[in-house]
Ligand SMILES: [Zn+2]
Ligand SMILES: [Zn+2]
């Protein structure tokens, strides 16, 4: 007798770093594979090179989900579209669907105003969706859905929750300060991927520290917590110990090309 395999989400960290150039940490990007879909969350500088290292071609990306417009999260958006033209766009079978919060369509239009047809694709191969800051998107027959909620960083900042049908949920904070909305979005999530940009000793407005991220994971009842988006002053600090002050569950510190299967 065979039992149906429960759906899973495979998470690959493409970039665990920031705007500060680093050989070890590319800027922000996550790849999540669920069913036949490959979703990128943010696309900072260096993402496409890491994608190659993860064994994924740019034409295989089905969705690009942007949390906010800072360059360390969007720097390779234009190059990603451009790369889809080589050798020609016929390598892409399904549309690339790009989404972001309030102002995203204007952001894309302005980029296209600069780069013109170099970052446009034929027919409906490129689709841009501006999400309401808070909402839910079901993709027909894709076997998963997305939810978003505003978080405290930039006016357009949103966090995402990806849920596989009959399977797990993964939440990605993007950049944020302490956020009740993020706690609500991450309720009972199987994995919360949360920024902890600065160590507890050096908190800055608009970002989190490990103990702040841990506090939100505890309030949300998240089953596992991954910290990411590490500025250089995080490197010589015991981030897990700081996070342990406020969170008792499993803690993972992101590094580039780390893979995690969430079931
Ligand atoms: Zn930011
Ligand atoms: Zn950032």
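In our numbering, the protein residues as written are 230 to 492.
The beta-carbon is built from N, C-alpha and C at its ideal position, and this holds for glycine as well.
Around the C-beta of residue i, are 16 or more other C-beta atoms found within 10 angstroms, so that it is buried, or is it exposed?
i, result
"residue 230", "Its pLDDT being 49, under 50, residue 230 is placed unreliably by the model, and the measurement read from it follows with that caveat. Exposed is the call here."
"residue 460", "buried"
"residue 346", "exposed"
"residue 339", "exposed"
"residue 453", "buried"
"residue 484", "exposed"
"residue 488", "exposed"
"residue 404", "buried"
Have a look at residue i and residue j and give me their C-alpha separation to the nearest angstrom.
i, j, result
"residue 443", "residue 294", "24 Å"
"residue 468", "residue 438", "9 Å"
"residue 309", "residue 277", "7 Å"
"residue 473", "residue 432", "17 Å"
"residue 420", "residue 396", "12 Å"
"residue 242", "residue 258", "7 Å"
"residue 493", "residue 402", "Missing from the structure shown is residue 493; the chain here goes from 230 to 492 and no further."
"residue 337", "residue 354", "15 Å"
Determine the closest residue to residue i out of the options, with distance taken between C-alpha atoms.
i, options, result
"residue 318", "299, 339, 247 and 288", "288"
"residue 322", "336, 286 and 269", "286"
"residue 476", "446, 381 and 487", "446"
"residue 236", "374, 314, 306 and 252", "374"
"residue 391", "464, 256, 376 and 350", "376"
"residue 312", "350, 365 and 389", "350"
"residue 463", "424, 479 and 434", "424"
Query raised in the report: What are the complete alpha helix (DSSP H) segments, minimum 4 residues, inside the stretch 314-363?
Result: 333-344
Report task. Report yes or no: do three or more beta-carbon pairs, one from the stretch 258-268 and one from the stretch 403-411, lie closer than 8 Å? Result -> no
Requested in this report: Pick out the complete alpha helix (DSSP H) segments inside the stretch 435-479, 4 residues or longer, and give them in chain order.
Outcome: 439-449 and 468-473
Report task. Please go through the stretch 362-433 and give each complete beta strand (DSSP E) segment of 3 or more residues, from N-terminal end onward. Result -> 364-367, 373-379, 387-393, 398-401 and 420-424
Query raised in the report: Per the contact definition of three or more C-beta pairs closer than 8 Å, is the stretch 322-337 in contact with the stretch 355-365?
Result: yes
Query raised in the report: Can you list the beta strand (DSSP E) stretches of 3 or more residues lying completely in the stretch 287-317, in chain order?
Result: 292-294
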